[in-house]
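Student: If you're matching positions, the sequence shown starts at 9 in our numbering and goes up one per residue.
Starting off with a structure, shown below.
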Amino acid sequence: MTNTLRMMSATALVVASHAAAASELPLDRWSVETSIRADPVDEALKHLHQRVRGLGGADPREIAPGESGTKLVVVQDPDAPDFAGLADFQREECYVLEPDGPEGLRVRAATSWGAALGISDLETRLRADGGRVRIAFPEREGEGVPRLLEKPAIATRGEYLNIGYDIAGITPHQWDDAQWRRYIGGLVLSRLNRWYFFLWIDTQTMFPGSKLSQRPGNLHLHEGAREAIRYAHRRGLKVTFMITPTVLPRDVWEGHPEWKADITYARDGFSCACPNAPGSWDAMKAVWRAEMEWFREADAVQVWFYDPGGCWCEQYGCKPNQAESLARQVREFGGMFRELNPGAGIEYNMWPMRLWEAEMKVEVRDDLAERVRAALPGDAVTAVGTTEGSPAATPDRERERGLRGGVFLFATNPESSYVFPTPHLRYLRRTMQRVREQGMDACFGHRLEASTRDVGTFLMGRWMWDPDLSIDRAVRDFGEWKAAGEAPGRRLAEAVMVLDELTDRGIRPESGRRLEALLADLPAGLPAACREELEFWPAAASALRAIGDSADAEGPALDAYAEEFARALARGKAFAPLLPRAGETFRKYRGFLLKGWEKEVF
């Protein structure tokens, strides 16, 4: 930190003399003072400025002496009493928002990353009315600009982007750099601090020994993900690269039928190899070394054993030596990644080990944890379980052995190709409360249809940060951020509530119609930046209304509703890839929604 504050010009905050009693800061003129020199802070300020401009706010200019205007002051103050006594992870990310004189706002944090989070908090508070932009504090309405201390409840909070099936634009396969940056920026605004990602290298490989590596789409996807890692680091996020060592490129696997694993996934056609078959292990290491070279800048590698992957053969000893087979993957593939990135963390995921232990009538977990702990420093290894199932496979036994513990929330986005927004309000809030109570070190949700299900990401991140945040407050924060205003934001928030009810508990004609009425013309009067982000919401509502209206129909009578569903999809640019199979999608989604997510996750 330098002694002299670095002056940064930005759109000015003008606070009228009477504004001290208002819980907002109108934005007409403002400037920023900060001495923090760190990429996350620079990026957060840049995006704050861009959002103000996108909402129609004035361009930045320096405030002249005697001129009305407000300074946003961003400072790093590691010795402040506010931060004393906090856990290390909380101190790393905590920040204070507070008045700075009659016309100022101060963001104060112990670290540069905390300061970046504080600035990003301000971005979600921007509101616009008739070309005027302001920062709002809705939790303190009418009480003046408050003093807020924010600190996280869970240390590692993330989202796992499963880059599986390709739905153009909605999934990442064809994203350009701007779309990747928008996604990563959304994680920051959701107060997450880690991005996890997985590529299905059975087809998406860049292994030179596979002809599949010559697919142009594979190169584009790898280049995009690599640049996303670099951008995530500039924004302050950590990154975990997920791998399944026993999965090989399909053509490589098909060329060696003797390597075929003895497991359901292989019998279903997934290219799973037995790790102990002669020649297989060397091929596995060559394939994944090539992938690791692409993503060596990631902060950790996470080893998945199953689904797909794994082998239970007797011929080469996989079943009787399953724990050692899995531990070897953690040791050697984790070690291989550390050759490329010596400071990287190592993680392993137990999904769905509990089911395989029951089916094969063997116990693996404890032996695996002991072997991993004996080979690697425990504080450098994270064992990942789940909060779901009965009993839930949380990594409590692994933590007793000195490993870090994390949980994976599969239910946030199963692989069902469902593209409409899914809030899951009750599930997310109670799950994060449970994760906090269990003292887990890490928690991450699951995402495939990333462009159209970001409401779930935002709410998940908010409850990972503060599991006690009320549902009303969390949903209102989302609505007013996305719509950049109180009235349209509350309307969007009400729509999220209706959407949550019909998604989780089952759709009926009245709920679909109510959702459509709330969203029909919502984007029309919003700033351009908001209209673009909410473009697909009215189309989704109309499509859901068609499904709701069909609740009591059967047989050929469903065809008319399927046609309405297709017409609704056509009104949203994001849903264009679904149009060729709109009828099939209607029937699939209808099956989901008539039951409701709480009865059968989708």
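Every residue, glycine too, gets a C-beta built ideally from N, C-alpha and C.
Keep in mind that this is a model prediction, so the values were computed, not measured.
Is F97 helix, strand or coil by DSSP?
Tutor: By 1-based counting over the sequence shown, the position of residue 97 is 89. Correct three-state label for F97: helix.
Student: Taking A274 as the reference, give the member of R539, R575, P316, L376 with the closest Cα.
Tutor: Here residue 274 is taken as the residue at index 266 of the sequence shown, counted from 1. For A274, the nearest C-alpha among the options comes from P316.
Student: Give me the DSSP bridge partner(s) of R135.
Tutor: Within the sequence shown, the letter at position 127 stands for residue 135. According to DSSP, R135 bridges with R142.
Student: Going by DSSP, name the residue or residues bridged to V504.
Tutor: By one-based count along the sequence shown, residue 504 stands at place 496. Looking at the DSSP assignment, V504 forms no beta bridge with any residue, so it has no partner.
Student: Alpha carbon to alpha carbon, what distance is there between D36 and G93?
Tutor: Residue 93 sits at position 85 when you count from the first residue of the sequence shown. Residue 36 sits at position 28 when you count from the first residue of the sequence shown. Each residue's alpha carbon lies about 39 Å from the other.
Student: What is the DSSP secondary structure of A308, counted as helix, strand or coil?
Tutor: Your numbering for residue 308 matches position 300 in the sequence shown. Of the three classes helix, strand and coil, the one that applies to A308 here is strand, per DSSP.
Student: Mapping DSSP to helix, strand and coil, what is F466?
Tutor: Numbered from its first residue, the sequence shown carries residue 466 at position 458. It is helical.
Student: CA-CA distance, P283 and W359?
Tutor: Within the sequence shown, residue 283 is the residue found at index 275, counting from 1. Within the sequence shown, residue 359 is the residue found at index 351, counting from 1. In a straight line, the C-alpha of P283 is about 18 Å away from that of W359.
Student: Expressed to the nearest angstrom, what Euclidean distance is found between the alpha-carbon atoms of G591 and W203?
Tutor: One-based indexing of the sequence shown puts residue 591 at position 583. One-based indexing of the sequence shown puts residue 203 at position 195. Straight-line Cα distance between these residues: approximately 35 Å.
Student: In angstroms with no decimal places, state the Cα-to-Cα distance between R69 and L156.
Tutor: Here residue 69 corresponds to residue number 61 of the sequence shown, with the count starting at 1. Here residue 156 corresponds to residue number 148 of the sequence shown, with the count starting at 1. Those two C-alpha atoms are separated by around 28 Å.
Student: DSSP state of N226, grouped into three classes?
Tutor: If you number the sequence shown from 1, residue 226 lands on position 218. Reduced to three states, the DSSP call for N226 is helix.
Student: If you compare alpha carbons, which of D108, E75, A401 is closest to V82?
Tutor: Here the question's residue 82 lines up with position 74 in the sequence shown. That would be D108, whose Cα lies nearest to the Cα of V82.
Student: Which residue's Cα is closest to the Cα of V255: A294, Q222, P224?
Tutor: For this step, residue 255 is matched to residue 247 along the sequence shown. The option with the nearest alpha carbon to V255 is A294.
Student: Using DSSP's beta-bridge definition, name the partner residues of W203.
Tutor: Counting from one through the sequence shown, the residue named residue 203 turns up at place 195. Note: W203 sits in a beta bridge opposite E167, V247.
Student: Are the CB atoms of R553 and G520 within a distance shorter than 8 Å?
Tutor: Locating residue 520 in the sequence shown gives position 512, counting from the first residue. Locating residue 553 in the sequence shown gives position 545, counting from the first residue. Contact: yes.
Student: On the criterion of 16 or more Cβ atoms from any shown chain inside 10 Å, does R438 qualify as buried, or is it exposed?
Tutor: Counting from 1 along the sequence shown, the entry for residue 438 is found at position 430. Its Cβ having fewer than 16 others within 10 Å, R438 is exposed.
Student: What residues match up with T179 in a beta bridge as DSSP calls it?
Tutor: Locating residue 179 in the sequence shown gives position 171, counting from the first residue. DSSP lists A176 as partners of T179.
Student: Run through DSSP, which three-state label would H57 get?
Tutor: Position 49 of the sequence shown, counting from 1, holds the residue named residue 57. If DSSP states are grouped into helix, strand and coil, H57 belongs with the helices.
Student: Just curious, the beta strand (DSSP E) that G318 is in, first and last residue?
Tutor: As a position in the sequence shown, residue 318 is number 310, starting the count at 1. Per DSSP, G318 belongs to no beta strand (DSSP E) and is neither H nor E.
Student: Closest to R242 by C-alpha separation, out of D50, S43, P110, W320, would be which residue?
Tutor: The count along the sequence shown starts at 1 and reaches residue 242 at position 234. The candidate whose alpha carbon is nearest that of R242 is D50.
Student: Taking only three categories from DSSP, how would you classify F341?
Tutor: As a first step, residue 341 must be located in the sequence shown, where it is residue number 333. Correct three-state label for F341: helix.
Student: For D508, which option in G64, W302, H432 has the closest C-alpha, if you only look at C-alpha atoms?
Tutor: To locate residue 508, count along the sequence shown from 1; it is residue 500. Nearest of G64, W302, H432 to D508, Cα basis: H432.
Student: Please report the distance separating the alpha-carbon of C326 from that of D387.
Tutor: Numbered from its first residue, the sequence shown carries residue 326 at position 318. Numbered from its first residue, the sequence shown carries residue 387 at position 379. So the two alpha carbons sit approximately 28 Å from each other.
Student: Excluding the 5 residues flanking T132 on each side, which residues of the same chain have their C-beta closer than 8 Å to its C-beta?
Tutor: For the purposes of this step, residue 132 is identified with residue 124 of the sequence shown, where counting begins at 1. Here the set comprises L197, D485, W489.
Student: Answer yes or no: do Q8 and M250 have a C-beta to C-beta separation smaller than 8 Å?
Tutor: Lying before the first or after the last residue shown, residue 8 is absent from the chain, which here runs from 9 to 610.
Student: What's the C-alpha gap between P216 and W320?
Tutor: To locate residue 216, count along the sequence shown from 1; it is residue 208. To locate residue 320, count along the sequence shown from 1; it is residue 312. Near 29 Å, if we compare the C-alpha coordinates of W320 and P216.
Student: So, does the stretch 555-569 touch the stretch 525-534, judging by three or more C-beta pairs under 8 Å?
Tutor: The stretch 555-569, when compared against the stretch 525-534, does not touch it at the 8 Å Cβ threshold.
Student: Measuring alpha carbon to alpha carbon, tell me which residue in A450, A233, V115 is nearest R42.
Tutor: In the sequence shown, the residue the question calls residue 42 occupies position 34. This sequence places Thr at residue 42; Arg is not what is there. Closest option to T42, Cα to Cα, is V115.
Student: Inspect the beta-carbon positions of T78 and L105 and report whether they are closer than 8 Å.
Tutor: Residue 78 sits at position 70 when you count from the first residue of the sequence shown. Residue 105 sits at position 97 when you count from the first residue of the sequence shown. It is not a contact, given that the beta carbons lie outside the stated cut-off.
Student: Rounded to the nearest angstrom, what separates D307 and G138 at their Cα positions?
Tutor: Translated into positions along the sequence shown, residue 307 becomes position 299. Translated into positions along the sequence shown, residue 138 becomes position 130. Roughly 44 Å separates the two Cα atoms.
Student: Going by DSSP, what residue range makes up the alpha helix (DSSP H) through T439?
Tutor: Counting from one through the sequence shown, the residue named residue 439 turns up at place 431. Element bounds for T439: 433-446.
Student: Got a sec, what are the start and stop residues for the alpha helix (DSSP H) F486 sits in?
Tutor: Here the question's residue 486 lines up with position 478 in the sequence shown. Where F486 is concerned, the enclosing alpha helix (DSSP H) stretches over 479-491.
Student: Could you check how far apart the C-beta atoms of W669 and P253 are, in whole angstroms? I think they sit under 8 Å.
Tutor: Residue 669 lies beyond the stretch modelled for the chain, which goes from 9 to 610, so this question has no answer here.
Student: Could you tell me if R189 is buried or exposed, where buried requires 16 or more neighbouring beta carbons within 10 angstroms of its beta carbon?
Tutor: As a working mapping, residue 189 is identified with position 181 in the sequence shown. The residue is buried, with at least 16 neighbouring Cβ atoms inside 10 Å.
Student: Classify V380 as helix, strand or coil using the three-state DSSP reduction.
Tutor: By one-based count along the sequence shown, residue 380 stands at place 372. Three-state DSSP puts V380 in a helix.
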